[in-house]
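Structure, as structure tokens:
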Amino acid sequence: MDLKAEKELVKRAQNDPDAFSELYEANYSKIFGYILKRVADIEVAQDITSETFFKSLKNIKKFKWRNIPFSSWLYRIAGNEITDYYRKNKYTPVCLDKIPELAYFKTPYDEVAETEKQLEFKKDFLELNKKISGLPIKYQEVIALKFFEKKKIEEICLILGKKEGTVKSLIHRALKKLRQK
Amino acid sequence: MEEDLIKKLEKVEFPEIEIPGHKANLKKALIDFKYGKKERRFWEPASLFSKRSLAFSLSGGIVALLLLTILLNFPVEPQYALAEVEQIALENQEIRGLISEGGKIQDIKIIDKKAYVLITDSKKINLPAFLLQSGELEENRKETAVLAEISLKKRMVVEIKEVILKLRPLTNKQKERAEEIFKSSAVNGNSKIKEIIPTAPSFSKLEIVSKNGGAEVSSTDEQNAKIRYETEGTEKEAEINITKGSVESVRTVEKDN
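Respectively, the protein sequence lines represent chains A and B. In short: position in the first sequence from 1, add 1, done, that's our numbering. In short: position in the second sequence from 1, add 539, done, that's our numbering.
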């Protein structure tokens, strides 16, 4: 989807559920995947994903189009929630209070158990994730966006709201720190 | 060395995990929350600066207040959540067994993010032929109830316990009223009252209520009384409807040998 079409869709999504549905379908998997790679916990990833989309929908009227993809905004919300999770070492999504149905509709236990099993098989990833999660959050973010999400420097700048030089320097220092682990 | 680390980061196999249930449920819940509710908010008082008149705003406010009062007094659970609870309950083998033997789901409540299902069962008991012929007991029933606690997170029944109903004691005023009804009825005659006791709650009127953050089973039945009395050497029991002010039934009390 080009930026022009996306701009139109975001505008329509302020009042039109079909437009929001289209944005959701286009972004759910990558946002859930990003969060899961950052937290390596199925339940927490589900909660943060719910909160990310809840916050985006709640604030969609405030969203100002600056020729930045909608997904960058979602990545930024998700990043803030992940930071909150790492700082408090627990996660309590606000959306569960606002939309109690989300609690009732928790993913079936069997489905979660099955996906947790799949995650356990990714030993290399889990080992790497353990090392990365020991880094300061600013380094975790750039590593995940650059290497896990394969984002270009330009897009990382948009997501984090930082200048190119800062992002490059953060990546460099993050790799240096990671090597020492 | 940095090259190696970059290669490792680039080559690591990531979990490609999808949870379709979460994706679908989240989408539905968000759309209902954002767009569904908007349509139902007809009672919202309009802004003074909107096209709506102040009178309409006030009437909207009154309707909203009334709805709020009703909701606070008669809390209702979202129907789809209750349907989900019912489905989980019916997936349980023990509950399915109870239902197939004649039990029925009488009430479903979600209290403090926990779900409860009440199943009652009222069965006719096969009586010996001589008792049926004597006409003394037209029908005898065995009533049971179980309360199942359901974990919504695990989507499973975590506990099933039998409901033991306690008799609600009669107040002195209720006892006096029951005696008054009995004495003014034709049943009284030359009888001697032995005991005034509360009637057992009807299983068909049981419901789940919230108590101390958990669930309890309570009866919505009106409190009635039974009067045990003796007349012409026979012990009898009259069921008194305190609300209606009438004697509902009389039966002979079988003496234990």
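Heads up, the beta-carbon is just placed ideally off N, CA and C, and yes, glycines get one too.
N- and C-terminal bounds of the beta strand (DSSP E) containing residue i
{"i": "Ser741 (chain B)", "result": "Segment: none, Ser741 (chain B) is in no beta strand (DSSP E) and carries neither H nor E."}
{"i": "Tyr768 (chain B)", "result": "Ala764 to Thr770"}
{"i": "Arg790 (chain B)", "result": "Ser785 to Thr791"}
{"i": "Thr773 (chain B)", "result": "Thr773 to Asn780"}
{"i": "Asp646 (chain B)", "result": "Lys643 to Ile650"}
{"i": "Ile699 (chain B)", "result": "Met695 to Glu701"}
Own chain partners of residue i with C-beta closer than 7 Å, once the 5 adjacent residues on each side are dropped
{"i": "Gln645 (chain B)", "result": "Leu657, Ile658, Thr659 and Leu745"}
{"i": "Glu23 (chain A)", "result": "Leu10"}
{"i": "Ile154 (chain A)", "result": "Glu165, Val168 and Lys169"}
{"i": "Asn796 (chain B)", "result": "Interpretation of Asn796 (chain B) is limited by its pLDDT of 48, a score under 50 that renders its predicted location unreliable; no figure is taken from the coordinates."}
{"i": "Thr773 (chain B)", "result": "Thr791"}
{"i": "Arg716 (chain B)", "result": "Ile781"}
{"i": "Ile78 (chain A)", "result": "Thr53, Lys56 and Ser57"}
{"i": "Leu610 (chain B)", "result": "Low confidence applies to Leu610 (chain B): its pLDDT is 45, below 50, so where it sits in the model is not reliable, and the reading given next is rough at best. Nothing meets the Cβ criterion."}
{"i": "Asn729 (chain B)", "result": "Thr770"}
{"i": "Val113 (chain A)", "result": "Ile43 and Glu44"}
Contact under 7 Å by Cβ, residue i with residue j
{"i": "Ile61 (chain A)", "j": "Ile49 (chain A)", "result": "no"}
{"i": "Ala687 (chain B)", "j": "Ala622 (chain B)", "result": "no"}
{"i": "Ile720 (chain B)", "j": "Ile779 (chain B)", "result": "yes"}
{"i": "Thr782 (chain B)", "j": "Glu761 (chain B)", "result": "yes"}
{"i": "Ile689 (chain B)", "j": "Ala754 (chain B)", "result": "no"}
{"i": "Val624 (chain B)", "j": "Val726 (chain B)", "result": "no"}
{"i": "Phe742 (chain B)", "j": "Ala684 (chain B)", "result": "yes"}
{"i": "Ala568 (chain B)", "j": "Leu97 (chain A)", "result": "no"}
{"i": "Phe149 (chain A)", "j": "Lys8 (chain A)", "result": "no"}
{"i": "Glu52 (chain A)", "j": "Pro18 (chain A)", "result": "no"}
{"i": "Lys731 (chain B)", "j": "Glu769 (chain B)", "result": "yes"}
{"i": "Glu682 (chain B)", "j": "Ser661 (chain B)", "result": "yes"}
{"i": "Ile736 (chain B)", "j": "Glu633 (chain B)", "result": "no"}
{"i": "Leu195 (chain A)", "j": "Lys573 (chain B)", "result": "Residue 195 (chain A) is absent from the structure shown; chain A starts at 2 and stops at 182."}
{"i": "Ile32 (chain A)", "j": "Glu117 (chain A)", "result": "no"}
{"i": "Ile144 (chain A)", "j": "Ile133 (chain A)", "result": "yes"}
{"i": "Asn28 (chain A)", "j": "Ser72 (chain A)", "result": "yes"}
{"i": "Ala14 (chain A)", "j": "Ala20 (chain A)", "result": "yes"}
{"i": "Asn631 (chain B)", "j": "Val696 (chain B)", "result": "yes"}
{"i": "Glu26 (chain A)", "j": "Gly80 (chain A)", "result": "no"}
{"i": "Ser724 (chain B)", "j": "Pro740 (chain B)", "result": "no"}
Partners in chain B for residue i, counting only beta-carbon separations shorter than 7 Å
{"i": "Arg174 (chain A)", "result": "The premise fails here: Arg174 (chain A) is roughly 12 Å from chain B at the closest Cβ pair, so nothing lies under 7 Å."}
{"i": "Ser51 (chain A)", "result": "Leu565"}
{"i": "Asp125 (chain A)", "result": "Val551 and Glu552"}
Residue range of the alpha helix (DSSP H) that includes residue i
{"i": "Gly80 (chain A)", "result": "Phe71 to Lys89"}
{"i": "Gln632 (chain B)", "result": "Gln632 to Ser639"}
{"i": "Val756 (chain B)", "result": "Looking at the DSSP string, Val756 (chain B) is not in any alpha helix (DSSP H); the run it does join, the beta strand (DSSP E), is Gly753 to Ser758."}
{"i": "Arg716 (chain B)", "result": "Asn711 to Lys722"}
{"i": "Thr167 (chain A)", "result": "Glu165 to Gln181"}
{"i": "Tyr35 (chain A)", "result": "Pro18 to Val40"}
{"i": "Leu4 (chain A)", "result": "Leu4 to Arg13"}
{"i": "Lys562 (chain B)", "result": "Pro559 to Ile570"}
{"i": "Ile556 (chain B)", "result": "Here Ile556 (chain B) belongs to no alpha helix (DSSP H), and DSSP marks it neither H nor E."}
Same chain only: Cβ atoms within 8 Å of residue i, ignoring 5 sequence neighbours per side
{"i": "Arg579 (chain B)", "result": "Confidence is the limiting factor: at Arg579 (chain B) the pLDDT is only 36, short of 50, which leaves the residue's position unreliable and the question unanswerable from this model."}
{"i": "Leu127 (chain A)", "result": "Ala41, Leu120 and Glu121"}
{"i": "Lys643 (chain B)", "result": "Ile658, Thr659 and Asp660"}
{"i": "Lys652 (chain B)", "result": "Leu691"}
{"i": "Val756 (chain B)", "result": "Leu657, Ala684, Leu686, Val702, Leu704, Leu745, Glu746, Ile747 and Val748"}
{"i": "Leu544 (chain B)", "result": "none"}
Chain A contact residues for residue i, given Cβ-Cβ distances below 7 Å
{"i": "Glu542 (chain B)", "result": "Going along chain A, no residue has its Cβ under 7 Å from Glu542 (chain B), so there is no contact; the nearest lies around 10 Å."}
{"i": "Leu629 (chain B)", "result": "Ordered by position in chain A, no residue passes the 7 Å Cβ test against Leu629 (chain B), which lies about 15 Å from the chain."}
{"i": "Tyr655 (chain B)", "result": "Here the premise fails: no neighbours, minimum Cβ distance about 13 Å."}
{"i": "Glu549 (chain B)", "result": "Phe148"}
{"i": "Lys562 (chain B)", "result": "Tyr29"}
Closer than 8 Å at the beta carbon, the chain B residues around residue i
{"i": "Arg13 (chain A)", "result": "In chain order: nothing, as chain B lies at least about 12 Å away."}
{"i": "Pro94 (chain A)", "result": "Those within 8 Å of Pro94 (chain A) in chain B number zero; the least Cβ separation is about 11 Å."}
Contact set for residue i: own chain, Cβ-Cβ below 6 Å, skip 5 residues either direction
{"i": "Thr84 (chain A)", "result": "Ile138"}
{"i": "Tyr92 (chain A)", "result": "Val45, Asp48 and Tyr86"}
{"i": "Lys152 (chain A)", "result": "Leu146"}
{"i": "Glu787 (chain B)", "result": "Glu778 and Asn780"}
{"i": "Lys577 (chain B)", "result": "Note on Lys577 (chain B): pLDDT 42, under 50, position unreliable in the model; no value is reported."}
{"i": "Ile558 (chain B)", "result": "none"}
Proximal residues of chain A, C-beta to C-beta of residue i below 9 Å
{"i": "Ala684 (chain B)", "result": "The contacting residues do not exist; Ala684 (chain B) stays about 24 Å from chain A at best."}
{"i": "Val697 (chain B)", "result": "Neighbours of Val697 (chain B) on chain A: none; closest Cβ ~11 Å, over 9 Å."}
{"i": "Tyr574 (chain B)", "result": "Asn16, Asp17, Pro18 and Phe21"}
{"i": "Lys775 (chain B)", "result": "By Cβ distance, chain A contributes nothing, its closest Cβ being about 52 Å from Lys775 (chain B), past 9 Å."}
Neighbouring residues, chain B, relative to residue i (Cβ below 9 Å)
{"i": "Thr116 (chain A)", "result": "Pro554, Ile556, Glu557 and Ile558"}
Neighbouring residues, chain A, relative to residue i (Cβ below 8 Å)
{"i": "Lys648 (chain B)", "result": "Correct list: empty, because the minimum Cβ distance to chain A is about 13 Å."}
Just checking, does the segment 157-164 of chain A make contact with the segment 550-566 of chain B on the three C-beta pairs under 8 Å criterion?
Segments in contact, no.
Decide yes or no for the touch test of the segment 67-74 of chain A against the segment 166-178 of chain A: beta carbon pairs closer than 8 Å, at least 3 of them.
Contact between the segment 67-74 of chain A and the segment 166-178 of chain A is absent, because fewer than three Cβ pairs lie under 8 Å.
Should the segment 761-777 of chain B be regarded as contacting the segment 692-704 of chain B, the criterion being three or more beta carbon pairs within less than 8 Å?
Short answer: they don't touch.
Three or more C-beta pairs below 8 Å linking the segment 545-554 of chain B and the segment 115-124 of chain A
In short, these stretches touch, since the Cβ pair count reaches three.
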